[in-house]
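What follows is a set of notes on a single structure, which appears directly below.
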Amino acid sequence: VAIGHPVWGHWLAGAITAMAVLGAGRELAGNGVGLLAGLLTAVAPGLALFSNLLLSHHPALAGLSMFLFMFLRMQRTGCPGCGLAAGAGLAVAMLCRPLTAAAIGLPFGCWLAWWWLRGDRETAVGRRSALVASVGVPVILGLGLMFGHNLALTGSGWTTSYQVFTDTY
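Here the numbering used here is used: the first residue of the sequence shown is 252, the next is one more, and so on.
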């Protein structure tokens, strides 16, 4: 918006989504599946439509796709940086569409909590705690940012601008 071309941000979100889907496909089933998934995502008519409507769906999808890709990579490699990127992707999605991000992130959070509590023979508790924190810290920072945003717009940190809109109209 600041440079006069708001649609460029949505096009970038579409590119990020396609690349993250490619990466998630590679993590799950190899290069061929990743390439096919990424290409099909890049040419999907629905994504082309939503990228030109300038709605919150497209940036939320980019954040959720990045969350999925980085979470899968974190599971495979145990890399805390991937956990930070996964948490940041979920936080971005949460700022765009909070309940959508919660619905997508909750099963992953449940699995992460279960993995952290039950343990395994390969990963020490300190390492597991670091991975859980690497995902959780960006999400908590995003919640704080959303609380401040809500407070500035509605006068209450617990009331979203979307809730005010739906109550009014």
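Glycine is no exception: its CB is placed at the ideal position from the N, C-alpha and C atoms. All figures in this text were calculated on a predicted structure; none of them were measured in a lab.
- In this chain, the alpha helix (DSSP H) harbouring Trp259 covers Val258 to Ala280.
- Setting aside the 5 residues that flank it on each side, Gly285 is surrounded in the same chain by Leu273, Gly276 and Arg277, each with a C-beta closer than 6 Å to its C-beta; the list follows chain order.
- Put simply, of Ala342, Val252 and Asp371 the residue whose alpha carbon is nearest the alpha carbon of Leu319 is Ala342.
- By the CB criterion at 9 Å, Ala269 and Ala293 fall inside the cutoff.
- DSSP places Ser385 within a helical segment (H, G or I) once states are collapsed to three.
- Note that the C-beta distance between Gly393 and Leu346 is below 9 Å.
- Ala313 and Ala364 have their alpha carbons spaced roughly 24 Å apart.
- When the beta-carbon positions are compared, Gly329 and Arg372 stay at least 9 Å from each other.
- Here Leu279 is not near Leu315, since their CB atoms are 9 Å or more apart.
- DSSP, reduced to helix, strand and coil, places Tyr413 within a helical segment of the structure shown.
- Ala352 and Gly340 have their C-alpha atoms spaced approximately 10 Å apart.
- Approximately 6 Å separates the beta-carbon atoms of Thr405 and Ser412; this is inside 8 Å, confirming the contact.
- Separation of the CB atoms of Arg348 and His308 is rounded to 7 Å, and the pair is thereby assigned contact status at 8 Å.
- Taking 9 Å as the cut-off, the Cβ atoms of Val376 and Gly338 do not count as close.
- Rounded to the nearest whole angstrom, the C-alpha separation of Pro358 and Asn303 is 30 Å.
- Distances from the CA of Ser385 to each of Gly399, Ala403, Cys333 and Leu402 were compared; the closest alpha carbon is that of Cys333.
- DSSP places Thr374 in no alpha helix (DSSP H); its state is neither H nor E.
- Boundaries of the alpha helix (DSSP H) harbouring Gly297: Pro296 to Leu304, taken from the DSSP string.
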